[in-house]
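Protein chains: 2
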Amino acid sequence: MPSDVDEEIMCATCRALCSHGYAGLTMQAIADEYSKSKAALHYHFDSKRDLLVAFQEFLGDRFLERVREADAVAGDDPADRLSAVLDAALSPPESDDLEDLQTALLELKAQAPYEERYREQSEAFNDAVVDLLSEILAAGVESSDFQSDIDPRDTAEFLLTVLEGSQVRNVAVGQRPERTRDLLASHLERQVYAQSGSPEDSPEGGR
Amino acid sequence: MPSDVDEEIMCATCRALCSHGYAGLTMQAIADEYSKSKAALHYHFDSKRDLLVAFQEFLGDRFLERVREADAVAGDDPADRLSAVLDAALSPPESDDLEDLQTALLELKAQAPYEERYREQSEAFNDAVVDLLSEILAAGVESSDFQSDIDPRDTAEFLLTVLEGSQVRNVAVGQRPERTRDLLASHLERQVYAQSGSPEDSPEGGR
């Protein structure tokens, strides 16, 4: 977990990444956003790469915190939990800066083959999201709220694939995450939620 | 459509991108892979950016060619056509070089917000894939091979989101595209193909 100093550096990194992009990012650009000097930055991180590995972890942790909180608030009903987690994962960015951050994050993911530590971060993030979704899906199968023959882990992986695709479409063609959330609603309705009558009669699982 | 000269330059660009990545790519690196000089390269393309826009178009055209050919070979049955197109879109790369190319392509997509022409390419590619999938889905609804209440365009967009997500997971965590193809099979079975009895009884739509 980052200390206050780290948190301040992470925010500076975020601002620098949003204005310069991954390719144009330098330690100086980050220092310019940080209240202290470039030397102070180097005191905490040996290289830009070290800093970006920490930044990727920071963003992953923030995402997980957000979806876990949404899950906790949703209560015990598996359909409500799943819906809340997907709402949180596919909520529109609160500002244009955070929209830019999606681009920076995608650029970092694309660096995974060149940097072992990015890859490890991506894998840890991947596992944490799949674990959370699997747990909710398994609970729903157990409670008969979800279809009995779904495989929680396969379905979780499929949902994560959709989340990743949503990010690419947001960055590459400006497709809003809310649109993916709408498309997912019909998927869940037919493929995940237990069928209690015709789709027209069943209550909306989302909010 | 690229001439022979362009085709040669595109292959050189592909090799250079695979070995240097987007961030490390220079006109010199491309010239080194090209049988002619850097000056000859500049005769055809004013800048690295121009060349990469042409390269992105070249790759998009190749992908569309591949999936359209798979579609044509599949015949008239909508389930066969959809299956063939998704097989072609999610086939494993034929070599490690082409695996590296996935990374380069994702890096190019992440540049869309910084370069209007990348964005335009991405949009044209997006529209072409959604058009093709929509057409097949609409044909399947028409012939009653697919469920009557699916929206061809929404479903096509959802499938493209899965294809984009598959590329990210391939690059970021080494998830193979065949795995996404398997996960999609169950989606199609329940969500797209017309239900003729219980899922266990229905014939496999894929191959």
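Chains as they are written, first to last, in numbering that gives the first Met the number 0: chain A, 0 to 206; chain B, 0 to 206. The beta-carbon is built from N, C-alpha and C at its ideal position, and this holds for glycine as well.
Requested in this report: Show which residues of chain B have a CB atom less than 9 Å away from the CB atom of GLN190 (chain A).
Outcome: Here the question's residue 190 (chain A) lines up with position 191 in the first sequence. Under the 9 Å cutoff, chain B gives SER185, HIS186, ARG189 and GLN190.
Requested in this report: Could you have a look at PHE145 (chain B) and say whether DSSP puts it in helix, strand or coil?
Outcome: Start at 1 with the first residue of the second sequence, and residue 145 (chain B) comes out as number 146. Note: PHE145 (chain B) maps to strand in three-state DSSP.
Query raised in the report: Helix or strand or just coil, what does DSSP make of TYR117 (chain A)?
Result: Numbered from 1 along the first sequence, position 118 holds the residue referred to as residue 117 (chain A). If DSSP states are grouped into helix, strand and coil, TYR117 (chain A) belongs with the helices.
Requested in this report: Specify the secondary structure class of TYR42 (chain A) as computed by DSSP and reduced to three states.
Outcome: For the purposes of this step, residue 42 (chain A) is taken as the residue at position 43 of the first sequence. In this structure, TYR42 (chain A) counts as helix in the three-state DSSP scheme.
Requested in this report: Could you work out which residues of chain A lie near SER165 (chain B), taking near to mean beta carbons separated by less than 9 Å?
Outcome: Working through the second sequence from its first residue, we reach residue 165 (chain B) at position 166. Simply THR160, GLU163 and GLY164.
**Report entry** Integer Cβ distance of PRO91 (chain B) from GLU163 (chain B), believed to fall under 8 Å
**Finding:** The residue you call residue 91 (chain B) lines up with position 92 of the second sequence. The residue you call residue 163 (chain B) lines up with position 164 of the second sequence. PRO91 (chain B) to GLU163 (chain B), Cβ: 17 Å. No contact.
Query raised in the report: Closest Cβ-Cβ distance between ASP153 (chain A) and chain B: below 9 Å?
Result: Residue mapping note: residue 153 (chain A) aligns to position 154 of the first sequence, counting from 1. At least one chain B Cβ lies under 9 Å of ASP153 (chain A).
Query raised in the report: For VAL167 (chain A), is the classification buried or exposed, using 16 other Cβ atoms within 10 angstroms of its Cβ as the cut-off for buried?
Result: In the first sequence, the residue the question calls residue 167 (chain A) occupies position 168. Flag for VAL167 (chain A) reads buried.
Query raised in the report: Are LEU63 (chain B) and VAL170 (chain B) close, meaning C-beta to C-beta below 9 Å?
Result: One-based indexing of the second sequence puts residue 63 (chain B) at position 64. One-based indexing of the second sequence puts residue 170 (chain B) at position 171. No, they are not a contact pair.
Requested in this report: Starting from GLY20 (chain B), find everything on chain A with Cβ-Cβ shorter than 7 Å and list it in chain order.
Outcome: Here the question's residue 20 (chain B) lines up with position 21 in the second sequence. TYR113, listed in chain order.
Query raised in the report: What are the uninterrupted segments assigned as alpha helix (DSSP H) that are 4 or more residues long and contained completely in the stretch 8-57 of chain A, given in chain order?
Result: Runs of the alpha helix (DSSP H) spanning 4 or more residues and lying entirely within the stretch 8-57 of chain A occur at 26-32 and 37-43, in chain order.
**Report entry** Residue environment, THR160 (chain B), which counts as buried when at least 16 other CB atoms sit within 10 Å
**Finding:** One-based indexing of the second sequence puts residue 160 (chain B) at position 161. THR160 (chain B) should be labelled buried.
Query raised in the report: What are the complete alpha helix (DSSP H) segments, minimum 4 residues, inside the stretch 59-119 of chain B?
Result: 77-88 and 95-109
**Report entry** Check whether CYS13 (chain A) and LEU100 (chain A) have beta carbons under 9 Å apart
**Finding:** By one-based count along the first sequence, residue 13 (chain A) stands at place 14. By one-based count along the first sequence, residue 100 (chain A) stands at place 101. Against a cut-off of 9 Å, the Cβ pair of LEU100 (chain A) and CYS13 (chain A) comes out as a contact.
Report task. Could you tell me the boundaries of the alpha helix (DSSP H) in which GLN174 (chain A) lies? Result -> Residue numbering aside, residue 174 (chain A) sits at position 175 when the first sequence is read from its first letter. Where GLN174 (chain A) is concerned, there is no enclosing alpha helix (DSSP H), given that its DSSP letter is neither H nor E.
Requested in this report: Tell me whether THR25 (chain B) is buried or exposed, calling it buried when 16 or more other Cβ atoms sit within 10 Å of its Cβ.
Outcome: Looking up residue 25 (chain B) in the second sequence gives position 26. Exposed, because fewer than 16 other Cβ atoms sit within 10 Å of the Cβ of THR25 (chain B).
Report task. Examine the Cβ distances between the stretch 136-146 of chain B and the stretch 65-80 of chain B and report whether three or more of them are shorter than 8 Å. Result -> The stretch 136-146 of chain B, when compared against the stretch 65-80 of chain B, does touch it at the 8 Å Cβ threshold.
**Report entry** chain B contacts made by the stretch 167-184 of chain A, where a contact means CB separation under 9 Å
**Finding:** Result list: VAL167, ARG168, VAL170, ALA171, VAL172, GLY173, GLN174, ARG178, THR179, ASP181, LEU182 and LEU183.
Requested in this report: Answer with yes or no whether the minimum CB distance from LEU51 (chain A) to chain B is below 9 Å.
Outcome: Translated into positions along the first sequence, residue 51 (chain A) becomes position 52. Answer no: the Cβ-Cβ gap between LEU51 (chain A) and chain B never drops below 9 Å.
Report task. Could you check how far apart the C-beta atoms of LEU211 (chain B) and ALA30 (chain B) are, in whole angstroms? I think they sit under 8 Å. Result -> One cannot answer for residue 211 (chain B) here, as it falls past the ends of chain B, which runs 0 to 206.
Query raised in the report: So which of A:ASP144, A:HIS186 and A:GLU122 has the shortest CA-CA distance to ASP153 (chain B)?
Result: Walking along the second sequence from the start, residue 153 (chain B) turns up at place 154. When only C-alpha atoms are compared, the closest one is A:HIS186.
Requested in this report: Run down chain B in chain order and give the residues with a C-beta less than 7 Å from the C-beta of SER121 (chain A).
Outcome: One-based indexing of the first sequence puts residue 121 (chain A) at position 122. Ordered by position in chain B, the residues that pass the 7 Å Cβ test against SER121 (chain A) are ALA171 and VAL172.
Query raised in the report: Which chain D residues are close to LYS47 (chain B), counting only those with a beta carbon under 8 Å from its beta carbon?
Result: No chain D is part of this structure, whose protein chains are labelled A and B.
Report task. Determine, using beta carbons only, whether TYR42 (chain A) comes closer than 9 Å to chain B. Result -> As a working mapping, residue 42 (chain A) is identified with position 43 in the first sequence. Chain B contact via Cβ: absent.
Query - CB contact below 9 Å: ARG61 (chain B) versus chain A - result: Stepping through the second sequence from its first residue, residue 61 (chain B) is reached at position 62. Closer than 9 Å: no.
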